[in-house]
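K.L.:
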Amino acid sequence: MKQQPKEFKTTIGGQALIEGILMRGPRKTAIVVRKPDGEFAIKEEEVGTIRKNPVLRLPLIRGVLGFWDSMKYGISALTYSAEFFEEEDPSQQPGKVESWLLKKFGSEKLDKILMGFALVTGIALPVALFILLPTLLAGFLPAGSSSIVRNLLEGVVRILIFLAFIIVTSKQSDIKRTYMYHGAEHKTIACYEKGWELTVDNIRRCSRFHPRCGTSFLFVVMIISILVFSVFTWQSPWVRMALRLLLLPLVVGISYEINRWVGRHDNWLSMALRAPGLFLQRFTTNEPDDSMMEVAIEAIRRVIPENQGEDRW
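Under my numbering, the residue at position 152 of the sequence shown is numbered 185, and the numbers go up by one with no gaps.
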């Protein structure tokens, strides 16, 4: 593997899985899972058209489509990693519903349907929790309340729900290991960006806090949603929720561009904008053990492009 001569910023990103890591490069994605027997399960794919089509890389558009692309790959990777830890009884027969679905659609098509359902659910639940619920709660204010007060309360509730979700999940024992893999992903990318050899010893020296993280992006979404949603006011909570859904792609697109700018610059403004996300990573990342860093090394090596510099910002 060719080493970078000096520090740089890479477009390679990742995601923690169940006992594994997903890494995405400019041309390939790689999933590496450590199975119960200690061996690696590895799955590689070429990147989709979103990263190759120049039209789909235009500002705002690339953010919305990139978010959808990340959700699709992320949920698929999570499902893949979970399959290695499902305890199945070989003597157990499929239930009536499962048998009917298999007969109706076949195994391969049924897997695609279930994946689509998981993708829709994976997007719908956060939208309901972080977007629609705060809007509904703010709707209980008296009818004559100022729209400024209503929007401010909605934004505060949205941020509080988001923070509570992160803090509560960080206390769960099962999630803690996933957050350790999250730390391994960050530390490995940081090691690669420093131009160091990808070894456990070198990675151990790197920080688990990374400025270009999905946690930071989600926090930016929370802030931008307050600003964008405040422009469109309406008394009825149901109309307000409908407007929130319609404006959500715009919020995601703007948030992506801000996060992209912050990741490419190192000045007082970018440092101020990334500070909340770095703080939240104290809850969403943990220090990994050596075995987790080995998984991260295997994953990132498979997505580093052959042409040096192709993955630079």
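The beta-carbon is built from N, C-alpha and C at its ideal position, and this holds for glycine as well.
So is Phe173 buried or exposed if we call it buried at 16+ other beta carbons inside 10 Å?
P.N.:
The residue is exposed, with fewer than 16 neighbouring Cβ atoms inside 10 Å.
K.L.:
At what residues does the beta strand (DSSP E) containing Glu78 begin and finish?
P.N.:
Looking at the DSSP string, the run of the beta strand (DSSP E) that includes Glu78 is 73–79.
K.L.:
Ile164 by DSSP, collapsed to three states: which one?
P.N.:
If DSSP states are grouped into helix, strand and coil, Ile164 belongs with the helices.
K.L.:
Using CA atoms only, rank isn't needed, just tell me which of Ile51, Glu52, Val253 is closest to Phe163.
P.N.:
Among Ile51, Glu52, Val253, the Cα nearest to that of Phe163 belongs to Val253.
K.L.:
Starting from Thr318, trace the beta strand (DSSP E) both ways and give me its first and last residue.
P.N.:
Element bounds for Thr318: n/a, residue is neither H nor E.
K.L.:
Taking Cβ to Cβ, would you say Glu230 is nearer than 8 Å to Ala329?
P.N.:
Not in contact: Glu230 and Ala329 (Cβ atoms no closer than 8 Å).
K.L.:
Per DSSP, Gln205 forms a beta bridge with which residues?
P.N.:
None, per the DSSP bridge assignment.
K.L.:
With DSSP as the reference, label Asp122 as helix, strand or coil.
P.N.:
Because Asp122 carries a pLDDT of 47, less than 50, the predicted location of this residue cannot be relied on, and the following value inherits that uncertainty. Reduced to three states, the DSSP call for Asp122 is coil.
K.L.:
Can you give me the C-alpha to C-alpha distance between Ile199 and Leu283, rounded to a whole angstrom?
P.N.:
Going by the C-alpha atoms only, they are around 24 Å apart.
K.L.:
How would you call Lys209, buried or exposed, if buried means at least 16 neighbouring beta carbons within 10 angstroms?
P.N.:
That one is exposed.
K.L.:
From this set, Val190, Glu116, Leu170, which residue's C-alpha is nearest Lys68's C-alpha?
P.N.:
Comparing Cα-Cα distances from Lys68 to each of Val190, Glu116, Leu170, the minimum goes to Glu116.
K.L.:
Starting from the Cα of Leu311, find the closest Cα among Gly149, Leu89, Leu111, Phe250 and give me that residue.
P.N.:
Nearest option by C-alpha distance: Phe250.
K.L.:
Please report the distance separating the alpha-carbon of Lys61 from that of Ser109.
P.N.:
Taking the straight line joining both Cα atoms gives about 15 Å.
K.L.:
For Leu55 versus Lys105, is the C-beta spacing smaller than 8 Å?
P.N.:
It is not a contact, given that the beta carbons lie outside the stated cut-off.
K.L.:
Would DSSP call Leu302 helix, strand or coil?
P.N.:
Here Leu302 sits in helix by DSSP.
K.L.:
Just how far apart, CA to CA, sit Gly99 and Arg238?
P.N.:
Taking the straight line joining both Cα atoms gives about 31 Å.
K.L.:
Between Gly47 and Ile222, which are expected to be in contact by the criterion C-beta below 8 Å, what is the C-beta distance as a whole number of angstroms?
P.N.:
Confirmed, about 7 Å.
K.L.:
Strictly by DSSP, which residues pair up with Arg57?
P.N.:
DSSP, once it has assigned bridges, lists Gly46, Thr62 as partnering Arg57.
K.L.:
What is the rounded straight-line gap between the Cα of Thr168 and the Cα of Phe118?
P.N.:
Roughly 38 Å separates the two Cα atoms.
K.L.:
Are Arg273 and Trp346 closer than 8 Å when you measure CB to CB?
P.N.:
No, they are not a contact pair.
K.L.:
Return the CA-CA distance between Met213 and Glu226, expressed in angstroms with no decimal places.
P.N.:
So the two alpha carbons sit approximately 20 Å from each other.
K.L.:
In terms of residue numbering, what span does the alpha helix (DSSP H) encompassing Arg95 cover?
P.N.:
Per DSSP, Arg95 belongs to the alpha helix (DSSP H) from 94–115.
K.L.:
From this set, Tyr113, Gln314, Ile181, which residue's C-alpha is nearest Arg241's C-alpha?
P.N.:
The shortest C-alpha separation from Arg241 is found at Gln314.
K.L.:
Could you say which of Met325, Ala197, Glu187 lies nearest to His215 if we only look at CA atoms?
P.N.:
Ranking Met325, Ala197, Glu187 by Cα distance to His215 puts Met325 first.
K.L.:
So, Phe262 versus Arg277, is the Cβ gap smaller than 8 Å?
P.N.:
In this structure, Arg277 lies closer than 8 Å to Phe262 by Cβ.
K.L.:
For Arg241, does the three-state DSSP call read helix, strand or coil?
P.N.:
In the structure shown, Arg241 sits in coil (DSSP, three-state: anything other than H, G, I, E or B).
K.L.:
Could you give the distance in angstroms between the alpha-carbon of Arg191 and the alpha-carbon of Pro92?
P.N.:
If you take the alpha carbons of Arg191 and Pro92, they lie about 26 Å apart.
K.L.:
Please check the pair Phe316 and Ser203, which I expect to be a contact at CB under 8 Å, by giving their CB distance rounded to whole angstroms.
P.N.:
Yes, they are in contact, since the Cβ atoms of Phe316 and Ser203 sit about 4 Å apart, within 8 Å.
K.L.:
Return helix, strand or coil for Arg90, following the three-state DSSP convention.
P.N.:
In the structure shown, Arg90 sits in a helix (DSSP, three-state: H, G or I).
K.L.:
May I ask you to report which of helix, strand or coil DSSP gives Arg307?
P.N.:
Correct three-state label for Arg307: helix.
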